[in-house]
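For what it's worth, the numbering used here labels the leading residue of the sequence shown as 4, then goes sequentially. Quick reminder that beta carbons are idealized off the backbone N, C-alpha and C, glycines included. Everything numeric in this text was worked out from a predicted model, so none of it was measured.
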Amino acid sequence: MFIPKVGWMQMRRKGGNPFPDGRPIRATVKKVGRYWKVSVCYEIDAPKRTENGVAIGVDLNTYNAAWTDTTGERGMLDVPKLDKKEIRIRRYQRKLARQQKGSNRRRVTKRKIAKWKR
């Protein structure tokens, strides 16, 4: 991948090109933890949407989610439980909120959060 003012960089892509017909229009380069990541935006032709006149509303609360639509139908959605990775990230974020800004321990905790978010 060619990055202006930097030059050609090696790239490892996960999952292949999601839009083979799309034209790349913008790339965002950012540092996440100890690694650099690139996010590429593509310009694609969106398929035409058909309007059927039904609107759906979703209510998310702490335990489960409910939905309803304009025809009067209702239902409950199964909310998946958090996996171990998400539980650990939340724990580190709570710990980070209690730590003093600018401290060494806070920097270590931020690195741990970045590591688990990969």
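Under 8 Å Cβ to Cβ from THR74, same chain only, skipping five residues before and after it: list those, please.
Counting from 1 along the sequence shown, the entry for residue 74 is found at position 71. Hits under 8 Å: VAL57.
Residue from PRO27, THR53, LYS34 with nearest C-alpha to ILE47:
The residue you call residue 47 lines up with position 44 of the sequence shown. With distances taken between Cα atoms, ILE47 lies closest to PRO27.
What's the C-alpha gap between GLN102 and ARG108?
Position 99 of the sequence shown, counting from 1, holds the residue named residue 102. Position 105 of the sequence shown, counting from 1, holds the residue named residue 108. If I take the Cα positions, the gap works out to 8 Å.
For LEU99, name the three-state secondary structure that DSSP assigns.
Here the question's residue 99 lines up with position 96 in the sequence shown. Note: LEU99 maps to helix in three-state DSSP.
Tell me the rounded alpha-carbon separation between TYR38 and LYS87.
Reading the sequence shown from its first residue, position 35 is the one you call residue 38. Reading the sequence shown from its first residue, position 84 is the one you call residue 87. The alpha-carbon atoms of TYR38 and LYS87 are separated by roughly 23 Å.
Which residue comes first and which comes last in the alpha helix (DSSP H) that contains LYS115?
Mapped onto the sequence shown, residue 115 falls at position 112. Its alpha helix (DSSP H) spans residues 107-120.
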